[in-house]
Structures are given as C-alpha cells and as structure tokens.
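Trainee:
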Amino acid sequence: MCGTYGSSSWRIGQPLCLDCYDYAGAVLWNAHAGELWRRFTQALPAVFARTLGVSRKRLRTAHMLGYGGHFSTKSHRFSTTLGALRQTRADHRADQARHILGLPDSGGRKTITITEWRYAGSGLGHGEHFWQNSRARTSTRPGASHRSQRARVGTVAGDGEQRVLYVVVCAAPAAADVGALVRLAQSAGWRACVITSPMGRRFVDTDQLAELTGEPVRSEYRMPDEPDELPAADAVIVAPATFNTINKWACGIADTFAVGLLCELTGFGVPIVAVPLLKSALAHHIAFGANLDALRSMGVRVLFDPYAPPHARMPTWEQILTELHALLDR
Ligand SMILES: Cc1cc2nc3c(=O)[nH]c(=O)nc-3n(C[C@H](O)[C@H](O)[C@H](O)COP(=O)(O)O)c2cc1C
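In short: position in the sequence shown from 1, add 8, done, that's our numbering.
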C-alpha cells in the first residue's frame, strides 16, 4: 500500500507509486479492451444457446420478443444478472491477459472486478524506466548525469556552484505570473534563467524577469558570432507549456529557440518537468496524447490532468517546484 492522495489533490488519477504501478497491465488493458468486448459479445449468445440447449436463432427470438430486447433482462429461463455477466467478462479478460503475458493459468480463481473507473493515463510511460535506470547508473547525485551537457550547451560548472534552472515559458496567459516561480526557485537555491517562445515573450514582462534573474530573457537562436549568455542547465521547468510547443517538442520540430533547446536538453537527459496548459478540447486531440506519451518515454515528467476543472488546470508553482525536487531526488 503506497498511500492515498487527498480528495482535492491535482494528482488524483495518477499512479500512487511510480515503481509499483502496473504499466504493462494498464497498457494491455487499454489496447485490448475494445477487441475483448467485441469477442465477448459475440461469444455470449453462443454460450447461452449451448447452455440452454436452444438454437441461437431461438435465443435471439426470445431475447427480442419476450424480454424487451436487452441482453441482461432477467427471467426464470434466461437467469442471469449484470454482475454475473461482468464477472464472466472479467474472467475471460484476465485469462486472455494471462495468455498474452505468458503467465500461468488462474486455476479457476475469480478475478475481482472493480466497477468504478478513473482516468489513470498519466505518469511513467513506455521506456521511462529505461531512462530512469540509465540515469541512475550514471548519476552519483542529482544533476551529475549531465555534466557532458554542461560542457556542450554552456560553461562547465564546478562543484559547489549554484544549480541552474531553466524556466521555459510559452504563449499562454499563466506566463504573466512566472516571476512567482522564479522567486520560489531562487529561495530554494536555484539560479533561474527564463527562456520564452517568441510568442510567449508577449505574455511576460521581460525587463522585470531580467532584473529578477540577473540574466537576459532568451527567445531567439544565437548566431555563431553572438555570445552564449546561458549557463548550462541542471534542470528545466516548462510552464505554461502550450499545445503547440508540446507537439513540436515531441516531434522534434525545432523552429523556435525554446523548442530546439528542449529537444537538445531532453536528448542530454537533463531532468525536465513539463506543465501543459490548454483547453480540454485540445487535450483530446489525438496527437497531443501521443506526444505526451512520447515525452514521458524520453524521461520528461509531465504534470497534466485533462479532466481538471478550468481553474485547476495547472498545479501551483509550489507543487511544480516540489515535483522537480522529487524528480531530482529519485
Ligand atoms: C490570449 C491567448 C491565450 C492563449 N492561451 C493558450 C493556452 O492557454 N494554451 C495554449 O496551448 N495555447 C494558448 N494560446 C495559443 C498559443 O499562444 C499559440 O498556439 C501560440 O502559437 C503558441 O506559441 P508557443 O508554443 O511557441 O508559445 C493562446 C493565445 C492567445 C492569444
């Protein structure tokens, strides 16, 4: 048992424990649910007909004429309940899943069916454990695994130097308040640098952020003869992350400095927390879900609940920073 979330937690619907969550089971279930249900509904009349010793045609006639047309109608002759049908389906599904996974037979044990469902699609995705493990193999302390990134993207930092946090900001209204995140990060000991997308620049006060951080706010690629003002990153927060930037980042379309940087830093394995903020209609676009999965599979920690009410679509800055620290502590 790994605990519970409070009833108002924005993390409800995500795995309680990233290590214990049954990823293979969840993926298999989602992938096969439609096909399993189709086969079940096909097989059920045949099983009924066989059990009752009647033809399928007669069964269909009795079903339609005698009992109002619903397969779960109760009667003396066709005695069943929805619960029993669900149990049959659950057992059938469990047997198939066991078969797919190469697990031993259930030996007639029943599958416990939980009839309440919640979204559980966030959290670690395919391959994310690989990234975590490979990071763990090369890392002796948080941030140590990407010394090479420091050497290549910016100046090499010596031990004891302040850790550098890139705050990447996209073009959404919540960007206007990103100074609060910068202040929190600074109180936690970070040296913060703000990078915005070109459109995102319109949503922030660049002068104020430059004054706050002591660093220029970068939005454009630099030419070879221009100085590289950014120190190397130890960690990154992308917030708010727009629909547009998430999709481009996952697909490697580096047409802005912000996305190019994110693609590069993801490749280096720098710890990144991404906080998408967008309308729920966009969140249900098929490319978006696949692209979030792609980012997760590259090790990006995505904080996103597509079912959150509009006022709670983004976690608070405190929660975002806490997530980053938790990621670094893993
Ligand atoms: C007032 C305003 C609010 C917007 N809010 C959002 C938003 O919350 N989420 C989002 O994904 N896009 C939002 N957009 C659209 C993005 O700004 C637009 O897709 C832009 O191209 C994103 O650029 P970027 O990803 O390079 O920052 C908004 C646009 C405007 C003008």
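Don't be surprised by glycine CBs; every beta carbon is placed ideally from N, CA and C.
All values derive from a computational prediction rather than experimental measurement.
Figure out for me which residue from Gly222, Gly275, Ala51 and Pro181 has the closest Cα to the Cα of Val308.
Mentor: Within the sequence shown, residue 308 is the residue found at index 300, counting from 1. If we check each option's Cα against that of Val308, Gly275 comes out closest.
Trainee: Which residues have their C-beta within less than 6 Å of a heavy atom of ligand 1, listed in chain order?
Mentor: Any residue whose Cβ sits closer than 6 Å to a heavy atom of ligand 1 makes the list: Cys178, Ala179, Ala180, Pro181, Ser205, Met207, Gly208, Thr250, Phe251, Asn252, Thr253, Thr264, Leu285 and Leu286.
Trainee: Would Ala334 pass as a contact of Ile280 if the rule is Cβ separation under 9 Å?
Mentor: Residue mapping note: residue 334 aligns to position 326 of the sequence shown, counting from 1. Residue mapping note: residue 280 aligns to position 272 of the sequence shown, counting from 1. Taking 9 Å as the Cβ cut-off, Ala334 and Ile280 do not qualify as a contacting pair.
Trainee: Whose C-alpha, out of His40, Ala266 and Val172, is nearest the C-alpha of Glu228?
Mentor: Taking the first residue of the sequence shown as 1, we reach residue 228 at position 220. Cα-wise, what sits closest to Glu228 is Ala266.
Trainee: Less than 9 Å between the C-beta atoms of Thr253 and Arg226, yes or no?
Mentor: By one-based count along the sequence shown, residue 253 stands at place 245. By one-based count along the sequence shown, residue 226 stands at place 218. Their beta carbons are not under 9 Å apart, which means Thr253 does not touch Arg226 by this criterion.
Trainee: Is it buried or exposed for Asp301, if we count other Cβ within 10 angstroms and need 16 for buried?
Mentor: Taking the first residue of the sequence shown as position 1, residue 301 is located at position 293. Asp301 should be labelled buried.
Trainee: Whose C-alpha, out of Pro53, Ala218 and Glu326, is nearest the C-alpha of Val189?
Mentor: In the sequence shown, residue 189 corresponds to position 181, counting from 1. In the sequence as presented, Val is not what sits at residue 189; that position holds Leu. The option with the nearest alpha carbon to Leu189 is Glu326.
Trainee: Considering only the beta carbon of each residue, do Val310 and Val283 sit closer than 9 Å?
Mentor: Here the question's residue 310 lines up with position 302 in the sequence shown. Here the question's residue 283 lines up with position 275 in the sequence shown. Taking 9 Å as the Cβ cut-off, Val310 and Val283 qualify as a contacting pair.
Trainee: Could you compute how far the alpha carbon of Thr250 sits from the alpha carbon of Met207?
Mentor: Start at 1 with the first residue of the sequence shown, and residue 250 comes out as number 242. Start at 1 with the first residue of the sequence shown, and residue 207 comes out as number 199. In a straight line, the C-alpha of Thr250 is about 11 Å away from that of Met207.
Trainee: Thinking just about the alpha-carbon of each residue, which of Pro239, Cys178 and Val186 is nearest to the one in Trp257?
Mentor: Sequence index remark: in the sequence shown, residue 257 carries index 249 (1-based). Per the Cα distances, Cys178.
Trainee: Specify, as a first and last residue, the run of the alpha helix (DSSP H) that Thr59 falls within.
Mentor: As a first step, residue 59 is located in the sequence shown; it is residue number 51 there, counting from the start. It spans Tyr31 to Leu60 - the alpha helix (DSSP H) in which Thr59 sits, taken as one unbroken run.
Trainee: For Leu1, which residues of its own chain have a beta-carbon under 6 Å away from its beta-carbon, when the five flanking residues on both sides are left out?
Mentor: Since the first residue of the chain shown is 9 and the last is 338, residue 1 is not available in this structure.
Trainee: Taking the straight line between their C-alpha atoms, what separation do you get for Ser17 and Tyr315?
Mentor: Reading the sequence shown from its first residue, position 9 is the one you call residue 17. Reading the sequence shown from its first residue, position 307 is the one you call residue 315. Rounded to whole angstroms, Ser17 to Tyr315 spans 13 Å at the Cα level.
Trainee: Mapping DSSP to helix, strand and coil, what is Glu219?
Mentor: For this step, residue 219 is matched to residue 211 along the sequence shown. Residue state, collapsed to three classes: helix.
Trainee: Rounded to whole angstroms, what is the Cα-Cα separation between Ser147 and Arg47?
Mentor: Counting from 1 along the sequence shown, the entry for residue 147 is found at position 139. Counting from 1 along the sequence shown, the entry for residue 47 is found at position 39. Only weak support is given to the placement of Ser147: the predicted model assigns it a pLDDT of 42, under 50, and the value that follows is read from those uncertain coordinates. C-alpha separation (whole angstroms): 48 Å.
Trainee: With DSSP collapsed to three states, give me the class of Val267.
Mentor: Locating residue 267 in the sequence shown gives position 259, where the first residue counts as 1. Val267 falls in the helix class under three-state DSSP.
Trainee: Please work out which residues of its chain come closer than 7 Å, Cβ to Cβ, to Ala184, disregarding the five sequence neighbours upstream and downstream, and give them in chain order.
Mentor: Walking along the sequence shown from the start, residue 184 turns up at place 176. The residues are Phe211 and Val212.
Trainee: Among Arg199, Pro323, Asp337 and Leu36, whose alpha-carbon lies nearest the alpha-carbon of Pro248?
Mentor: Stepping through the sequence shown from its first residue, residue 248 is reached at position 240. Of Arg199, Pro323, Asp337 and Leu36, the residue nearest in Cα terms is Pro323.
Trainee: Give me the Cβ distance between Arg171 and Arg209, rounded to the nearest whole Å; I'm assuming they're in contact under 8 Å.
Mentor: For the purposes of this step, residue 171 is taken as the residue at position 163 of the sequence shown. For the purposes of this step, residue 209 is taken as the residue at position 201 of the sequence shown. Rounded, the Cβ-Cβ distance is 25 Å, inconsistent with contact.
Trainee: How many Å lie between Ile261 and Pro232 at the Cα?
Mentor: Within the sequence shown, the letter at position 253 stands for residue 261. Within the sequence shown, the letter at position 224 stands for residue 232. For Ile261 and Pro232, the distance between alpha carbons rounds to 21 Å.
Trainee: Relative to the C-alpha of Arg304, which residue among Leu26, Tyr13, Ser15 and Thr12 is closest?
Mentor: Residue numbering aside, residue 304 sits at position 296 when the sequence shown is read from its first letter. For the residues Leu26, Tyr13, Ser15 and Thr12, the minimum Cα distance to Arg304 belongs to Leu26.
Trainee: Which term fits Ile245, buried or exposed, when burial requires 16 or more other beta carbons within 10 angstroms of its beta carbon?
Mentor: For this step, residue 245 is matched to residue 237 along the sequence shown. The residue is buried, with at least 16 neighbouring Cβ atoms inside 10 Å.
Trainee: Identify, in the order they occur along the chain, each residue of the same chain with its Cβ nearer than 6 Å to the Cβ of Glu237, setting aside the five sequence neighbours on each side.
Mentor: Taking the sequence shown and counting its residues from 1, one reaches residue 237 at position 229. Hits under 6 Å: Pro224.
Trainee: Where are the beta strand (DSSP E) runs, 3 residues long or more, that stay fully inside the region 230-264, in chain order?
Mentor: If we require 3 residues or more, the beta strand (DSSP E) runs fully inside the region 230-264 come out as 243-249.
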